[in-house]
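Residue numbers (the working numbering): 10 to 185. Think of the CB as a built atom: it goes at the ideal place given N, C-alpha and C, for glycine as much as any other residue. Worksheet for the structure shown next.
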């Protein structure tokens, strides 16, 4: 995917759980954020459902998405016009399996160039479960962490070339 489309696609994927603006440099991290991050890190099995919208200068597409996470094992089901055929992504943290229509691809997640060549995706696949939960991954450098003063939750942060932002956080059982 071209750089602009890649950024738009990731931001729209993250809207499953919300988005906001990152401003300036990181303020001191409050204890509530540290506690919240540790609590979410302990959450190893979860599911997110929603709609994925991809908008780029050349067009837009939509898909329904179901994301299931259990430890490092990931299963993502996408259906709808996006990519035409229903798509199933599975990963054990090392290998990404993509089933679309009758085609199946196995990709080594430790080789970002292979993933980018095969899929057109240029983003850290293993970071997505963390970003969907509203927390940074430990695998990438963290900068510009912005914490909401009222909720103590992340408004956004930067990891690698990615600016992750949240406008809202939902309440899911005892998690937000």
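Simplified DSSP assignment, three categories, for residue i
i, result
"residue 34", "Annotation note: pLDDT 43 at residue 34 (below 50); position unreliable, coordinate value reported separately. Coil at residue 34, not helix or strand."
"residue 18", "Residue placement at residue 18 cannot be trusted, given a pLDDT of 43 that sits under 50; what the coordinates show is reported in the next sentence. Three-state DSSP puts residue 18 in a helix."
"residue 169", "coil"
"residue 130", "coil"
"residue 41", "helix"
"residue 83", "strand"
"residue 135", "helix"
"residue 116", "strand"
"residue 121", "helix"
"residue 141", "helix"
"residue 47", "helix"
Residues that DSSP places opposite residue i in a beta bridge
i, result
"residue 53", "Its beta-bridge partners do not exist; DSSP assigns none."
"residue 100", "83 and 105"
"residue 180", "None, per the DSSP bridge assignment."
"residue 152", "167"
"residue 88", "73"
"residue 58", "75"
"residue 174", "165"
Burial state of residue i (16 or more Cβ within 10 Å)
i, result
"residue 181", "exposed"
"residue 115", "exposed"
"residue 66", "exposed"
"residue 159", "exposed"
"residue 167", "buried"
"residue 138", "buried"
At least 3 beta-carbon pairs within less than 8 Å: the segment 137 to 147 vs the segment 156 to 175: yes
Would you call the segment 103 to 122 and the segment 168 to 181 in contact, with 3 or more CB pairs under 8 Å? no
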